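Residue numbers (our numbering): 2 to 162.
In structure tokens form, the structure reads like this:
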């Protein structure tokens, strides 16, 4: 069999295969980049328990007890420094962000419930249609008792859904 290089470039299957190969190569590169980002990110994060233990060991609490030697009035602290000294009271922005996250979590849970209900109803409807189509196709081969049993099963399934 002779292979002509000119006909190779004219074949649309070649371009289809080249496109699929390029798409697969791009997806491979992006998936490797994403994997490396996830892998590198998780190496530097501390679990919450360790961070709390390290925070307790820091000497910042004892540094607050030391008073300055001079009697001058201290300069007013900026808002960021004041918030850093009192980490127990969350700022309004932190409370707002926490509220947003809680609302998004509840919204996500509600959407999942709605999607589950719709998908279940769709499955029952599809099942009912295919069940009835099969029954119509085999109608001549079925006897009266089998038809009655299938209809009863279908009615029970529809009552459940």
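For each residue, glycine too, the CB sits at the ideal point set by N, CA and C. Quick caveat: nothing in here was measured; it's all calculated off a predicted structure.
Residue range of the alpha helix (DSSP H) that includes residue i
i	result
residue 155	145–161
Three-way DSSP call (helix, strand, coil) for residue i in this model
i	result
residue 13	helix
residue 92	coil
residue 142	coil
residue 5	coil
8 Å Cβ shell around residue i - same chain, five flanking residues per side excluded
i	result
residue 129	155, 158 and 159
Residues of its chain near residue i, where Cβ-Cβ distance is below 7 Å and the 5 sequence neighbours each way are ignored
i	result
residue 18	none
residue 105	none
residue 118	none
residue 132	155
Beta-carbon proximity list for residue i, same chain, < 6 Å, skipping 5 on both sides
i	result
residue 37	none
residue 136	151
Short CB-CB distance (under 8 Å) between residue i and chain D
i	result
residue 97	You won't find chain D in this structure, because it holds only one protein chain.
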